[in-house]
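Okay, structure first, notes after.
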Amino acid sequence: MKGMKVLLIIGVVILITSLIKNNDINNSSEIRVRILANSNSKEDQAEKYYLKNILVPILKKHPQKPSVKEIRDDLFKAIDDEQLKKKIKVEYKICAYRAQSYNEKFLPAGEYLTLLITIGNGKGQNWWTVLYPEFFGVSFEDEDHNIKYKSYFYEKFIKK
Numbered sequence: 000m001k002g003m004k005v006l007l008i009i010g011v012v013i014l015i016t017s018l019i020k021n022n023d024i025n026n027s028s029e030i031r032v033r034i035l036a037n038s039n040s041k042e043d044q045a046e047k048y049y050l051k052n053i054l055v056p057i058l059k060k061h062p063q064k065p066s067v068k069e070i071r072d073d074l075f076k077a078i079d080d081e082q083l084k085k086k087i088k089v090e091y092k093i094c095a096y097r098a099q100s101y102n103e104k105f106l107p108a109g110e111y112l113t114l115l116i117t118i119g120n121g122k123g124q125n126w127w128t129v130l131y132p133e134f135f136g137v138s139f140e141d142e143d144h145n146i147k148y149k150s151y152f153y154e155k156f157i158k159k
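In terms of numbering that gives the first Met the number 0, the sequence shown opens at residue 0 and continues consecutively.
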């Protein structure tokens, strides 16, 4: 009886591992996009969404990894100086993310190459999504962009 329980537990672990791996996005090639608002004030959050609404169509026309220059040039052509008066910094950087799921896809926590767009001081809530390999066109909000989560199960059995 005890042996049967052990076999059942091993079977469940193998099943869960294979399901997670099949729905996992390839971390090595994944690129995310993050916009950091200047602050959490209504005005600064409105600027973040204004920039997001300009950025999404720009990203859709760049199916591969766009250069910082391409994004910056396209953004500055589209931005109304009266709508967004703060300094904008565009760069690629490694950023930490918490785990998320969307449409049966699992986005594991970890550090990812990120097209980071910082408005002003970049101290406010952020908007982010996956750019490549599959642009989701959906957004995620994190109140604290410095959170780092770890999963013992993921680290021990899945990540290699």
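By construction, the Cβ of each residue, glycine as well, lies at the ideal position given by its N, Cα and C atoms.
Alpha carbon to alpha carbon, what distance is there between residue j and residue i?
i      : j      : result
ARG31  : TYR48  : 17 Å
GLU90  : ILE116 : 7 Å
THR113 : LYS122 : 17 Å
ASN39  : VAL67  : 26 Å
MET3   : ILE9   : 10 Å
Using the three-state DSSP reduction, which class does residue i fall into: helix, strand or coil?
i      : result
ILE57  : helix
ALA98  : coil
ASN125 : strand
GLU42  : helix
LYS92  : strand
Going by DSSP, what residue range makes up the beta strand (DSSP E) through residue i?
i      : result
ASN83  : Sequence inspection shows Leu at residue 83; the Asn mentioned does not correspond to that position. From DSSP, LEU83 is part of no beta strand (DSSP E); its letter is neither H nor E.
GLY109 : 109-118
LYS160 : No statement about residue 160 is possible, as the shown extent of the chain runs from 0 to 159 and does not include it.
What residue range does the alpha helix (DSSP H) around residue i cover?
i     : result
GLU69 : 67-77
Looking only at its chain, what residues have a beta carbon closer than 8 Å to the beta carbon of residue i, apart from the 5 residues adjacent to it on each side?
i     : result
LEU50 : ILE34, LEU74, ILE78, LEU83, ILE87, ILE116 and ILE118
In chain order, what residues of the same chain lie with their CB nearer than 7 Å to the CB of residue i, ignoring the 5 residues before and after it?
i      : result
GLU179 : Here the chain comprises residues numbered 0 to 159, so residue 179 is not present and cannot be evaluated.
Taking only heavy atoms of the ligand NAP into account, decide whether any of them is closer than 7 Å to the Cβ of residue i.
i      : result
LEU115 : Absent from the structure shown: the ligand NAP. Ligands present: none.
Quick check: is the beta carbon of residue i nearer than 8 Å to any beta carbon in chain B?
i      : result
LYS104 : The chain inventory of the structure shown lacks chain B, comprising one protein chain alone.
Can you find the residues in the same chain that come closer than 6 Å, C-beta to C-beta, to residue i, ignoring five residues on each side of it along the sequence?
i     : result
GLU29 : TYR111
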